[in-house]
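**Student:** Numbers in my numbering are just positions in the sequence shown, counted from 1, shifted up by 6.
Each residue gets a CB set at the ideal place from its N, CA and C atoms; glycine is no exception.
There's a structure below that I have some questions on.
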Amino acid sequence: MKTFQELGLNDALLEAIKDMGFETPSEVQEKAIPILLEKDTDIVSLAQTGTGKTAAFGFPMLQKIDPKSRTTQGLILSPTRELCLQITQEIKNYAKHMKGVNVVAIYGGASITDQARAVKKGAQILVATPGRMQDMIRRRLVDVSKIEYCVLDEADEMLNMGFFEDITDILSHTPDEKSTWLFSATMPKEVSVIAKKFMHSPVEITVGAKNAGTKNVSHEYYKVSGRDRYPALRRLADAHPQIFSVVFCRTKRDTQSVAEKLIEDGYSAGALHGDLSQNQRDMVMKSFRNKQIQMLVATDVAARGIDVDNITHVIHYQLPDEIETYTHRSGRTGRAGNQGVSMIIVTQSESRKIRAIEKIIQANIEMKKIPTGMEICETQLYSLAQKIKNTEVNEEIFNYLPKVEAELEDLSKEELIQRLVSVEFARFHNYYKKSKDLNGKFEDNPADKTKHNRKDTTRFFINVGERDEYNWMALKDFLKATLEIDTDDIFHVDVMESFSFFNTPNSLQEKVIEKFTDFKIDGRFINVEISEKGPKGRSGGSGGGGGKRRSFNKDGGSGGGGGYKKKFNSGGSGGSGGGGGYDRGKRRSFDNNPEKKSGESSGSPRRSNSGSKPTYGSKDSKPGGFGRRSRS
Ligand code: ADP
Ligand code: MG
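Below is the structure:
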């Protein structure tokens, strides 16, 4: 292993490296830095998150630019505002002992004039998100025509987020002779396209196996019934009193509601998704960084910027649509040499995805059991004992001790211990003493379907399908959000080319029909009707309707659901804030749904913070008292 000095870095950078406490170069740094310092070449570098990519391009860029010139020489494109700010800060730290280096962050959601002014003062390095950068080039507020080095950081994420055109456009304004340094955790087709299109015989370096999950992360999955997802999440949290985690949900709505439930149940949790204002998001992130929030519940998109070390657990409350996203999620833990755990909560029907993920991450995912209530009580008890042992005694207490001691005088040490731990043990014990085993069921009952007796359910037809960019998960999400019912009450979802089928319990029949009466999206009627028979002969048994097909179609009755030829115009689903869920242009977002409650404000940082306060005494039927305070 080489030292930073041996990589060829200059004294000013070595000094900064010492200040930051980096001892040895990481693998990607060791591989990339000498190449980038020695020659002007393009490079494609594949490395997971948390492997130190920022320094791998930041050090060479700083050493190669001319700080005396005020021309913009380096451009770093990164997918999110959060990452953009982090990289800017990192590069500033690296440049601490260099004179005259100006690094400016360019990102949306902040004053463009201020950013333009900062650039005008002379910025050798710009760190930018593609959207805002493109905007500023168009308005001639920046000049990238003399760029010598261009970094595409987290290229896979940028492309995932639909920045292909922005990137293409930005690059077309930069000189051909520049060097392009592309960094990415994964190498999907789109990234190869960019590499082919914009790079000249790049050197390729790979750190670890391609697409492999971080070595420092171990993977586990927990099989539960859909209804037990939330209780399972609580148990996983309770079984790890020191947890500091990101909990991933698939939709903004789930993110918000899981965070709210956790807060109500006394956990220090917060939500991070695209419906929050930037200000709210900043506050949540601040609380999370300060560890006032122990469980950050986030959508994939919103979590992109999260670069917090020491995350102990990533919890997949739901699996992502795309398996590759799993890699990004689990890369949030196991950073900077720490060990991390990635925990997946799955239902029986989703569990087949586990094998597919194992293939991609080339690692084993171990099946584990949700701890029982009593196991959790035990863990919490030992954790409490440890906490007592490690508590620093506050000197202020001495004034009051004589009285306290007098009060407790008659108790032996044993009695004292018993009572001390009982004060808080009782909280968990009361909650868990009657709790059921969340595992188990599946051994006898492999099919989730058995939960619903078929004759108690109604099968529906709906006139949207694959053509409208739905798959079964997306449709389920849409129905869940629109009907405001639990996912577990939507099953047997079968998506066809231009229409689909799903079942709900009979009790929800009226609700479904009512909701979809005169229901429009983008001016198009969404037509739902009770189906006699879906494909695969899954009869829904139309619940007393005598199999009569009732049409609820206000648009002229498409009967058996032949075709809605008109594709949704994917104009602007507008107003979604672009943050949560799985929008990414793969499927439509229905945020302009008239039923949607806008401006959801709970789970805001304020609430999260109050949730993070100790809750002694107040909620005695619930745990949440101990082990939940911010860790120091
Ligand atoms: P990536 O961009 O690959 O996700 P970062 O560049 O953000 O990773 O680095 C992750 C963390 O590791 C940061 O906190 C960074 O300061 C730290 N780090 C980077 N290089 C080293 C090193 N050589 N030694 C110790 N810590 C490092
Ligand atoms: Mg990075």
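Would you call A111 buried or exposed, if buried means 16 or more other Cβ atoms sit within 10 Å of its Cβ?
**Tutor:** buried
**Student:** Do you know how far the Cα of R241 is from the Cα of E384?
**Tutor:** 13 Å
**Student:** Just curious, the beta strand (DSSP E) that T645 is in, first and last residue?
**Tutor:** Coverage of the chain is limited to positions 7 through 638, which leaves residue 645 absent and any answer about it impossible.
**Student:** Going by the CB atoms, is the gap between L481 and E521 shorter than 8 Å?
**Tutor:** Checking the displayed sequence, the identity of residue 521 turns out to be Lys instead of Glu. For K521 and L481, no; Cβs fall outside 8 Å.
**Student:** Using CA atoms only, rank isn't needed, just tell me which of R87, I269 and L81 is closest to N108.
**Tutor:** L81
**Student:** Are the region 28 to 37 and the region 194 to 203 touching by the rule of at least three beta carbon pairs closer than 8 Å?
**Tutor:** no
**Student:** Ligand 1 and D313: does the residue's C-beta get closer than 7 Å to at least one heavy atom of that ligand?
**Tutor:** yes
**Student:** For S75, which residues from the same chain have a beta carbon less than 8 Å from its beta carbon, with the 5 sequence-adjacent residues on both sides left out?
**Tutor:** Q130
**Student:** Considering only the alpha carbon of each residue, which of P208, V499 and L417 lies closest to N477?
**Tutor:** V499
**Student:** Quick check: is any heavy atom of ligand 2 less than 7 Å from the C-beta of E160?
**Tutor:** Yes; taking the cut-off as 7 Å, the Cβ of E160 has a heavy atom of ligand 2 nearer than that.
**Student:** At what residues does the alpha helix (DSSP H) containing E88 begin and finish?
**Tutor:** R87 to Y100 is the extent of the alpha helix (DSSP H) around E88.
**Student:** Quick one: is the Cβ of T94 within less than 7 Å of any heavy atom of ligand 2?
**Tutor:** no
**Student:** When you get a sec, list the residues whose CB is within less than 5 Å of any heavy atom of ligand 1, chain order please.
**Tutor:** F28, S32, T55, G56, T57, G58, K59, T60, A61 and A342
**Student:** Using only the alpha-carbon positions, how far apart do N370 and R145 sit?
**Tutor:** Rounded to whole angstroms, N370 to R145 spans 51 Å at the Cα level.
**Student:** So, at 6 Å on beta carbons, what are the nonlocal neighbours of L158 in its own chain, with the 5 sequence-adjacent residues on each side left out?
**Tutor:** L83 and L188
**Student:** Please state whether DSSP places V6 in a helix, a strand or coil.
**Tutor:** Because the chain here runs from 7 to 638, residue 6 falls outside it and cannot be looked at.
**Student:** Can you check which of these residues, T55, S51, D46 and I71, is closest to N16 by C-alpha distance?
**Tutor:** I71
**Student:** Can you tell me the Cβ-Cβ gap for I153 and Q262, rounded? I've got them flagged as a contact below 8 Å.
**Tutor:** Actually they are not in contact, since the Cβ atoms of I153 and Q262 sit about 41 Å apart, beyond 8 Å.
**Student:** Helix, strand or coil, according to DSSP, for E415 in the structure here?
**Tutor:** Correct three-state label for E415: coil.
**Student:** Hey, quick one: how far does the alpha helix (DSSP H) through P61 stretch, first residue to last?
**Tutor:** For the sequence presented, residue 61 should be read as Ala rather than Pro. Segment K59 to K70, the alpha helix (DSSP H) holding A61.
**Student:** Expressed to the nearest angstrom, what Euclidean distance is found between the alpha-carbon atoms of P326 and D141?
**Tutor:** 31 Å
**Student:** Counting only the same chain and skipping the five closest in sequence on each side, list residues whose C-beta sits under 8 Å from that of M7.
**Tutor:** Beyond the five residues adjoining it in sequence on each side, M7 comes within less than 8 Å, by CB distance, of T30, P31 and E36 in the same chain, given in chain order.
**Student:** Which whole runs of the beta strand (DSSP E) in the region 324 to 358 are 3 residues long or more, in chain order?
**Tutor:** 346 to 352
**Student:** Expressed to the nearest angstrom, what Euclidean distance is found between the alpha-carbon atoms of G280 and H435?
**Tutor:** 38 Å
**Student:** Is the region 362 to 377 touching the region 223 to 231, taking contact as three or more C-beta pairs under 8 Å?
**Tutor:** yes
**Student:** Does the contact criterion of 3 or more C-beta pairs under 8 Å hold for the region 245 to 263 versus the region 306 to 323?
**Tutor:** yes
**Student:** Out of A362, A22, D162 and I118, point me to the one whose CA is closest to T55's CA.
**Tutor:** Answer by Cα proximity: D162.
**Student:** Can you say whether E402 is buried or exposed, counting buried as having 16 or more other CB atoms within 10 angstroms of its CB?
**Tutor:** Flag for E402 reads exposed.
**Student:** With a CB to CB cut of under 6 Å and the five nearest residues on each side skipped, what residues in its chain are close to M167?
**Tutor:** P85
**Student:** If I measure Cβ to Cβ from D149 and keep anything under 7 Å in the same chain, skipping five residues before and after, which residues do I get?
**Tutor:** T78
**Student:** Nearest by alpha-carbon distance to T192: which of P40, D462, T60 and T331 is it?
**Tutor:** It is T331.
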